[in-house]
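Note that my numbering has the sequence shown beginning at 10, numbered continuously upward. Think of the CB as a built atom: it goes at the ideal place given N, C-alpha and C, for glycine as much as any other residue. The model shown is predicted, which means the values in this text are computed figures rather than measured ones. Since the structure comes first, as structure tokens, the remarks are kept for the end.
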Amino acid sequence: MVMLSRHFVAAPYDYRQEWLRCIATLSADREASVAQRAIKALADTADAPTGILLLHDRDHARLRYTEGWNTAQELPAIPTNAPLFSEIVNNTVIELTQDGPMAPFWLAVALPDPFEAGPLGVVLLSRSRAAQPLHREMATLLAVVAGEISLVMAERRAAEALAIARKFEETGKRFAFVAHDIKNVANQLALLIDNAQRHITDPAFQADLIATVGDSVEKIRSMIRRLDQGGAGGSARIDVGERMRDLLAHRSAILLEDAPGSSTILIEPMVFDMIINHEAQLVSVELRHSEGWVTIRIIDSGCGMSAHFVREQLFKPFTSTKPSGFGLGAFQTRELVVQAGGRLDVVSEEGVGTTITIRLPTVVGTPMIQIDDRGESHE
């Protein structure tokens with residue numbers, strides 16, 4: 010009899026039309042949440058006037074109320090060790106008893122998780138308007154619609170998890186960069202304290218001490234602003250020659266070779282300062298202007314690096330030759346130079362030193378913003 014009804018009796022549903030209706034419901038009415046659209050898709054299939062969604066909360070081992078459609082009624086959570094939970098898992102569609110804990114709802118439709126064992130959740134539907142009984146064709150159709158809804162909800166959940174992971178990744182990246190910059194400031198202050206033990210009575214040293222501490226305070230404030238703003242802190246138009254002369258004013262041992270001309274670049278002031286505030290023993294800083302570009306060449310007499318290290322390790326994050334290094338300085342500098350539309354190249358020889366060449370595009374056509382010693386901008 011079952012075989013005869015399955016093959017010779019006309020199906021009560023047009024599966025193509027039901028499928029199209031389900032897709033239309035899930036993709037339409039963007040003002041409604043995905044949960045409400047999921048409930049409506051199943052409710053329309055069963056001709057149910059109301060419904061609620063309970064999602065599987067794996068942290069607390071339960072099905073908990075999430076949202077309702079055409080009803081404000083909420084139900085208590087269903088523990089995963091409850092008999093009803095097992096029945097829902099083993100049977101995609103079940104008919105609820107009217108005197109049970111899920112009353113007054115009529116049907117429970119499980120949403121199978123396409124990526125993990127167990128249900129993604131369950132939709133509870135009130136009795137259909139026509140008061141029709143649950144039959145095999147309706148249960149089959151509800152199971153098919155529930156499978157499509159599960160895919161949509163699982164993909165949405167995965168997309169949300171990916172977005173959160175990317176935010177954490179970006180936040181971690183910013184904190185790593187700021188931690189690296191704080192280490193540099195701490196090293197600078199430690200060196201200042203060491204020198205203070207020998208030169209604290211020297212008026213010139215006292216003036217330099219005040220200037221250095223003030224500069225360190227402003228750098229730390231700039232780092233805090235970067236974290237608060239959720240990014241690099243904003244770009245500004247900088248006169249390269251003027252800014253470079255200001256940065257090197259207290260480093261008389263460095264030869265600044267500035268070719269005739271003037272160039273303005275668009276870059277975060279703190280980034281430009283980091284480029285010039287090189288940790289090694291600087292010999293000279295060259296500045297060249299060409300049409301549309303400015304070239305900065307920083308030459309030091311440090312210990313140098315092998316060609317293999319420059320090629321394979323220098324710009325790899327979290328790789329450092331220093332025991333206490335973060336391995337982010339070169340990586341951070343190149344990343345931000347590239348973001349400004351420029352290019353950074355390094356040539357080094359062990360025992361001789363290193364030459365860093367930076368090319369940055371110039372900008373024209375709008376009022377130039379000068380950056381003062383406090384890192385504040387003025388037209």
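Self-check item: Cut-off 6 Å between Cβ atoms - residues of its own chain near residue 97, not counting five sequence neighbours on either side
Solution: Once the five neighbours on either side are set aside, the close Cβ partners of residue 97 are 117, 119, 131.
To the nearest angstrom, report how far apart residue 380 and residue 211 are at their CA atoms. For residue 380, the pLDDT reaches just 33, beneath the cut-off of 50, and the residue's location in the model is therefore unreliable, although a value from the coordinates is still provided. So the two alpha carbons sit approximately 30 Å from each other.
Which of helix, strand or coil does DSSP assign to residue 278?
-> Low confidence applies here, because residue 278 scores a pLDDT of 48, under 50, leaving its location unreliable and the question unanswered by this model.
Hey, how far is the Cα of residue 154 from the Cα of residue 34? CA-CA distance, residue 154 to residue 34, rounds to 11 Å.
Taking its Cβ as the centre, do 16 or more other Cβ atoms sit within 10 Å of residue 48, making it buried, or is it exposed? Residue 48 comes out buried.
Considering Cα atoms alone, identify which of 61, 88, 343 is closest to residue 319. Closest option to residue 319, Cα to Cα, is 343.
Alpha carbons only, please: which of 51, 304, 124, 129 is nearest the one belonging to residue 74? The option with the nearest alpha carbon to residue 74 is 129.
- Message: I need the boundaries of the beta strand (DSSP E) containing residue 65, first residue and last residue.
- Response: Annotation for residue 65: the continuous beta strand (DSSP E) segment containing it runs 60-66.
(request) Could you tell me the distance, in whole angstroms, from the CA atom of residue 263 to the CA atom of residue 308? (result) The pLDDT assigned to residue 263 is 48, lower than 50, so where the model puts this residue is not dependable; a value taken from the coordinates is nonetheless given after this. The straight-line gap from Cα to Cα measures roughly 10 Å.
- Message: Whole angstroms are fine: how far does the CA of residue 183 sit from the CA of residue 140?
- Response: Using only the alpha carbons, I get a separation of about 59 Å.
Touch test, the region 217-233 against the region 195-202, Cβ-Cβ under 8 Å, three pairs minimum: Output reads yes: the region 195-202 touches the region 217-233.
message: Could you check whether residue 86 and residue 64 sit closer than 8 Å to each other, using their CB atoms as the reference points?
response: Going by C-beta atoms, residue 64 is not nearer than 8 Å to residue 86.
Measuring straight from C-alpha to C-alpha, what distance separates residue 115 and residue 44? When rounded, the distance between both Cα atoms is 19 Å.
Requested in this report: Could you name each continuous beta strand (DSSP E) segment of 3 residues or more that falls completely within the region 127-214, going from the start of the chain to the end?
Outcome: Within the region 127-214, the complete beta strand (DSSP E) runs of at least 3 residues are 128-134.
Considering only residues of the region 304-363, which uninterrupted alpha helix (DSSP H) runs meet the minimum length of 4 residues and lie entirely inside it, listed in chain order? Fully contained in the region 304-363 are the following alpha helix (DSSP H) runs of length 4 or more, in chain order: 316-321, 338-348.
Residue from 31, 42, 40, 61 with nearest C-alpha to residue 54:
Nearest C-alpha to residue 54: 31.
key: Beta-carbon proximity list for residue 78, same chain, < 6 Å, skipping 5 on both sides   = Cβ within range, chain order: 45, 48, 49, 60.
**Q.** Residues of its chain near residue 221, where Cβ-Cβ distance is below 6 Å and the 5 sequence neighbours each way are ignored
**A.** Excluding residues within five positions, the ones whose Cβ falls inside 6 Å are 201.
_Buried versus exposed call for residue 113 [16 or more other C-beta atoms within 10 Å across all chains shown]_ = Residue 113 should be labelled exposed.
Check your understanding: Among all the DSSP beta bridges, which residues are the ones paired with residue 74?
Key -> Residue 74 is bridged to 63.
Q. Under 8 Å, do residue 95 and residue 121 count as touching if we go by C-beta distance?
A. Not in contact: residue 95 and residue 121 (Cβ atoms no closer than 8 Å).
DSSP state of residue 302, grouped into three classes?
Residue 302: strand per DSSP, three-state reduction.
| residue 369 and residue 349: beta carbons closer than 8 Å? | Yes, Cβ-Cβ distance for residue 369 and residue 349 is below 8 Å.
- Quick one, are the C-beta atoms of residue 362 and residue 315 less than 8 Å apart? At least 8 Å separates the beta-carbon of residue 362 from that of residue 315.
query: Taking DSSP as the reference, what is the three-state secondary structure of residue 37?
result: Note: residue 37 maps to coil in three-state DSSP.
How is the alpha helix (DSSP H) around residue 96 delimited, first residue to last? Taken as a continuous stretch (DSSP letters only), the alpha helix (DSSP H) holding residue 96 covers 92-99.
Given residue 126 as reference, the closest of 188, 364, 67, 208 once Cα atoms are compared: Residue 126 has its Cα closest to that of 67, out of 188, 364, 67, 208.
Between which two residues does the beta strand (DSSP E) holding residue 52 run? Looking at the DSSP string, residue 52 is not in any beta strand (DSSP E); the run it does join, the alpha helix (DSSP H), is 43-55.
What's the gap between the Cα of residue 56 and the Cα of residue 102? Their Cα atoms are separated by approximately 15 Å.
- Message: If you follow the beta strand (DSSP E) that residue 84 is in, where does it begin and where does it stop?
- Response: Here residue 84 belongs to no beta strand (DSSP E), and DSSP marks it neither H nor E.
Could you give the DSSP three-state label for residue 125: helix, strand or coil? DSSP places residue 125 outside both helix and strand once states are collapsed to three, so it counts as coil.
Practice problem: Tell me residue 292's beta-bridge partners as DSSP assigns them. | Solution: DSSP output for residue 292 lists no bridge partner at all.
- Beta-carbon proximity check, residue 313 vs residue 359, cutoff 8 Å: It is a contact, given that the beta carbons lie within the stated cut-off.
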